[in-house]
Amino acid sequence: MPLPDPTTEQGRAGLAALCADPAGAVVALDFDGTLAPIVPDPAQARAHPGAAPALRRLLRRIDSVAIITGRPAGLAVEYGGLAGLDRLVVLGGYGRQRWEAGRLSEPEPPAGVAEARAALPAVLSEAGAPEGTWIEDKGQAVAVHTRRAAEPERAFALLRGPLVALAERTGLAVEPGRLVIELRPPGIDKGTALRRYLAERGARSVLFGGDDLGDVPAFTELARLREQGLPGLAVCSGSAEVTELTRLADVVVDGPAGVVALLEGYADAIGA
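Reminder that position 62 of the sequence shown reads as 62 in the numbering used here, one-by-one numbering, no gaps.
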C-alpha cells in the first residue's frame, strides 16, 4: 500500500527518517477520531478493525507505539483491542495515566475534579442545557457532550461560557473538542506527554496522528521538536467537524480508515 506524499518539506524529511531508521521511530496516536470513529456514545467507540493488526505489524520493526488520549487509559486499551501488544504504552487523561504491559499507574485527581463533578448538574440546569446533553465521568476529568442534542452546535455554544466559569472556580483547565467540553487538571496536555515520552525513548523520529483540538498541543510540540532537529510527520485524521488541524498537518487522511491505511503503508515500506 503506497504512502501519501507529505505536503511540506519537513513532513517529507520526517517520513524519510521514519522509513530509513524504523528502529528509532515512535508512532504516537490519539484514540477517538484517529483510531476509532466518533460515535454518539463514547462507551460504544471501538477502534477500526484494522488498527490493532497494523500496529502489531509496526511493532515488529519500530521502537514503540504510544496512544495519547483524553480517555482513561484502560478504556482505550479495551476499546482498541490493544492488550498484548509489546512496546505499546497508553498515556490516558492527557498523560496523567500510564498503561504499560497490563499495569496502570496514575496520581489521585485534584480536588477540583470532584468539585466540578458535584456542581455540573446544577450548572447545566441553570444554563438551560437542552435534552440530550450528558455528563461523562472520566475519573481524572469530567466532560459534557452535546452530540445527542437536537441542535448540538447550538448546545455546545450555549454551555461553553458556564463551563469555562466552572473550570475557573475549581482550578481546572478547559479542553474543547468535537461537540464535547472537558474539564481536566491543568499542567499537562498531549504536547507535554508527547515530549516526555519521546525523551524517555530516545526517539530518532516520530509520527503523530490526531483529529481534534486536544491534539493541537502535540502538533505544536512536534513542530518545536522538528526545529530542534528531530524528524517528524504530523498526520491529521480529517473530518468535517474539525478543520483546524489540517493547517498544521503534513498529511491529511480520511478518518480512522485513512489512518489505518497509512499505518499499513508504513509497515509495508519498512518490511514489517
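Yeah, the Cβ is synthetic: ideal placement off N, Cα and C, and Gly gets one too.
From a predicted model like this one, the values you see are computed outputs, not experimental measurements.
Can you confirm whether residue i, when its beta carbon is compared against all beta carbons of chain D, has any partner nearer than 8 Å?
i	result
isoleucine 135	Given the protein chain composition of this structure (a single chain), no chain D is represented.
Specify the secondary structure class of residue i as computed by DSSP and reduced to three states.
i	result
glutamate 182	strand
glutamine 97	strand
serine 64	strand
leucine 55	helix
valine 142	strand
glycine 265	helix
alanine 13	helix
arginine 147	coil
proline 162	helix
aspartate 5	coil
threonine 243	coil
arginine 226	helix
threonine 170	helix
leucine 18	helix
For residue i, I'd like the list of residues in its chain whose CB is within less than 7 Å of its CB, leaving aside the five on either flank, ordered along the chain.
i	result
valine 27	Leu58, Ile62, Val65, Leu207
alanine 267	Ala54, Arg57, Leu58
aspartate 215	Asp30, Lys190, Leu245
leucine 35	Leu29, Ala47, His48, Ala51, Gly80, Pro256, Val259
valine 242	Arg178, Asp211, Asp212, Leu213
glycine 265	Met1, Pro2, Leu3
Are the beta-carbon atoms belonging to residue i and residue j less than 8 Å from one another?
i	j	result
glycine 81	alanine 52	yes
alanine 193	glycine 95	yes
leucine 254	glycine 238	It is worth fixing the name first, because residue 254 is aspartate in this sequence and not leucine. Yes, the Cβ-Cβ distance between aspartate 254 and glycine 238 is below 8 Å.
proline 185	alanine 173	yes
arginine 71	glycine 102	no
alanine 269	leucine 3	yes
arginine 169	aspartate 21	no
proline 107	glycine 171	no
alanine 73	arginine 98	yes
isoleucine 68	alanine 234	no
leucine 198	leucine 183	no
glutamate 136	proline 42	yes
glutamate 78	valine 89	no
arginine 195	glutamate 221	yes
Could you tell me which residues DSSP puts in a beta bridge with residue i?
i	result
glutamate 175	Glu182
glycine 232	Val206
alanine 36	Asp32
serine 237	Val253
valine 26	Ser64, Val206
Less than 6 Å between C-beta atoms, sequence neighbours within five positions excluded: which residues of the same chain meet that for residue i?
i	result
alanine 180	Residue identity differs from the one stated: residue 180 is valine in this sequence, not alanine. Around valine 180: Ala143, His145.
leucine 245	Cys236
proline 6	Arg12, Leu15, Asp250, Val251
glutamine 285	Summary: the structure shown does not reach residue 285, with the chain confined to residues 1 through 272, and so no result is reported for it.
arginine 325	Outside the displayed span of the chain (1 to 272) sits residue 325, for which this structure offers no information.
Quick one: residues in its chain with C-beta nearer than 8 Å to the C-beta of residue i, no 5 flanking neighbours on either side, listed in chain order?
i	result
tryptophan 134	Val144, His145, Arg148
glycine 128	Leu158
Looking at the ligand PLP, does it come within less than 7 Å of residue i, judged from the CB to the closest heavy atom?
i	result
leucine 245	Absent from the structure shown: the ligand PLP. Ligands present: none.
Fill in: Length-filtered (3 minimum) beta strand (DSSP E) runs lying within the segment 84–136
88–92, 97–100, 103–105
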